[in-house]
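Heads up, the thing below is written out as structure tokens.
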Amino acid sequence: MANVSKSLSTNVEGHVFVDSTYINCDTCRQLAPFTFQEVGEFSSVSHQPQSPTEMLQAYQALLTCPVGSIGTIEKNKNLLLKAQQSFPILLANQVYYNGFNSEKSFGANSYFVTHLDGNWLIDSPRYLPYLVEAFEAMGGIRYIFLTHKDDVADADRYAKKFQATRIIHQADQEAMLESEWIVEGQEIIQAAPDFQIIPVPGHTAGSLALLYKETYLFTGDHL
Ligand code: SF4
Ligand SMILES: [Fe+2]
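Residue numbers are given in the numbering used here: position 55 of the sequence shown equals residue 50, and the series is strictly consecutive.
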């Protein structure tokens, strides 16, 4: 919960603020670029949101900030609910951004892809009843693809809830020991129709990318 008494001096005055308890993960700047900008090493409110779209984006950022560092002077419950219900956000062609980034994965983004042969969760958001219901409504989770050991967050809880198959490379397996599918070596794998697993060692020895429909590439922390 953000604390107004710790509000950064770099925030412009108004309804939305960032406090000093955070990590610089970039999530708010991606979700609400009008409102949040990098000042020095951290994110601050550079413009107060004005339009309905800017307000919604600022509230989406508030909910997604992994360490709860974004606050508002007064709580707008309707907007908060609307922002919650906007997740997962459709990006394109059955590809969704989940929001609710986890501090356990350093604020990394996680994604969801719906597919007739089973849905994919790519890395993990926080485990929240709201998201569990949203995934259930979209047909559950068949695979949980872990790009690398830094971003597993609550994958174990989602796997248990949905009886999902967790996929991780052997070199990063320490982060999710009970994973059901351990990728070995550096060969490209046709994992399911439309999904290719591409080993990309570098950031970590077991980093993996996932290519969906030869168009959407989930790279973990590589890009
Ligand atoms: S989302 Fe939160 S932790 Fe990440 S940069 Fe914004 S205020 Fe900082
Ligand atoms: Fe990483």
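A virtual CB, placed ideally from N, CA and C, is assigned to each residue, including glycine.
For ASP14 against LEU3, the beta-carbon gap comes to about 7 Å, under 8 Å, which counts as contact. Spatial neighbours of LEU75 in its own chain (CB-CB distance under 7 Å, excluding positions within 5 residues in sequence) are listed in chain order as TYR54. Look at TYR122 here: in three-state DSSP terms it is coil, with no helix or strand label. The straight-line gap separating the alpha-carbon atoms of ARG121 and PRO188 is approximately 28 Å. The residue from PRO28, TYR211, GLU175, PRO196 with its alpha-carbon nearest to that of ALA166 is PRO196. Measuring C-alpha to C-alpha distances from HIS217 to each of ASN96, LYS208, HIS143, GLU173 identifies HIS143 as the nearest. Those residues placing their Cβ nearer than 5 Å to any heavy atom of ligand 2 are, following chain order, ASP145, ASP216. Scanning the segment 25 to 98 for uninterrupted beta strand (DSSP E) segments of 3 residues or longer gives 31 to 34, 37 to 40, 65 to 67, 84 to 87, 90 to 92, listed from N- to C-terminal end. PRO44 and HIS164 have their C-alpha atoms some 42 Å from each other. Contact between ALA150 and ARG161 holds: CB atoms are separated by about 6 Å, below the 8 Å threshold. Across the structure, MET133 and THR109 are spaced so that their CA atoms are roughly 7 Å apart. By alpha-carbon distance to ALA204, the top candidate from ASP118, LEU111, ILE136, GLU175 is ASP118. By the C-beta criterion, the segment 69 to 88 is judged not to be in contact with the segment 28 to 43, since fewer than 3 inter-stretch pairs fall below 8 Å.
The beta carbon of TRP176 sits closer than 6 Å to the beta carbons of THR160, ILE162 from its chain, once the five residues preceding and following it are set aside; these are given in chain order. DSSP, read as helix, strand or coil, puts SER2 in strand.
In the assembly as shown, PRO61 is a buried residue. Its beta-carbon has 16 or more other beta-carbons within 10 Å.
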